[in-house]
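Q: For the sequence shown, position 44 matches number 117 in our numbering, and the numbering has no gaps at all. Let me begin by handing over the structure; questions about it come next.
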Amino acid sequence: RRDVLVLTPWLAPIVWEGTFSRDILNAQYLQQNLVTGVVTFAVEKYWFFIEGFMRSANKFFLAGHPVNFYLFTDNPKKISRLQMGPENHLFVIPLQNDSRCQDISRSRMAIISSHIQSQFQHEVDYLYSMDIDIQLLAHIGVEVIDALVATISSWRVTPQQENK
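Structure representation (structure tokens):
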């Protein structure tokens, strides 16, 4: 593709639809027998987003590949029975009831780090953190699997059209 940038100014690759072969990447990923993890938090009013997030992530995030979803919440009883894909698993991890939403927002990375050391490192090969109040609208495949990845806004990487 010539209509998009494929490298950032700091030489990190940018993945766009049409710049890779999904079939080749899927075959390579399946051969490695990898499991990917997704961490998300649903605290206080954010319980409302659980079903929409889980439905969309289960459908679009690494569809056909094993994904462990780790849902941290201060009220596990509010989690309804969610239908998961056959290769996916949902783990509900309780947070202390006395934790306030603001405290958890500030300490998310510490919570994730602690669970990486005690649990996640033994269960998944790659780990992603996503906000619970998003819904995935299209396929996100193994093209996003790497040691260090991030998302950036399209306005940062789309070439500006010259005025003629």
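Glycine is no exception: its CB is placed at the ideal position from the N, C-alpha and C atoms. In this text, all values refer to a predicted model and were calculated from it rather than measured experimentally.
1. Measuring only the C-alpha atoms, how far is residue 218 from residue 169?
2. As an exercise, report each continuous alpha helix (DSSP H) stretch of at least 4 residues that is fully enclosed by the segment 95-154, in chain order.
3. Name the one or two DSSP bridge partners that residue 86 has.
4. Nearest to residue 202 by alpha carbon, out of 194, 182 and 187?
5. Does any residue of chain B have a CB that is nearer than 7 Å to the CB of residue 142?
6. For the beta strand (DSSP E) that contains residue 193, what are its first and last residues?
7. Tell me, to the nearest whole angstrom, how far the beta carbon of residue 196 is from that of residue 111; I am working on the premise that it is less than 8 Å.
8. Does the separation of the CB atoms of residue 162 and residue 131 fall below 7 Å?
9. What residue from 87, 81, 113 and 222 has the CA that sits closest to residue 166's CA?
10. Would you identify the three-state DSSP class for residue 213, choosing helix, strand or coil?
A: Looking at the coordinates:
1. Between residue 218 and residue 169, the alpha-carbon positions lie close to 32 Å from each other.
2. Listed in chain order, they are 95-105 and 123-133.
3. Paired residues: 80.
4. Of 194, 182 and 187, the residue nearest in Cα terms is 182.
5. In the structure shown, chain B cannot be found, because there is only a single protein chain.
6. Counting along the chain, residue 193 sits inside no beta strand (DSSP E), nor does DSSP assign it H or E at all.
7. Actually they are not in contact, since the Cβ atoms of residue 196 and residue 111 sit about 12 Å apart, beyond 8 Å.
8. No. Outside cutoff.
9. Proximity to residue 166 across 87, 81, 113 and 222 peaks at 113, based on C-alpha coordinates.
10. Looking at residue 213 - three-state DSSP - the assignment turns out to be strand.
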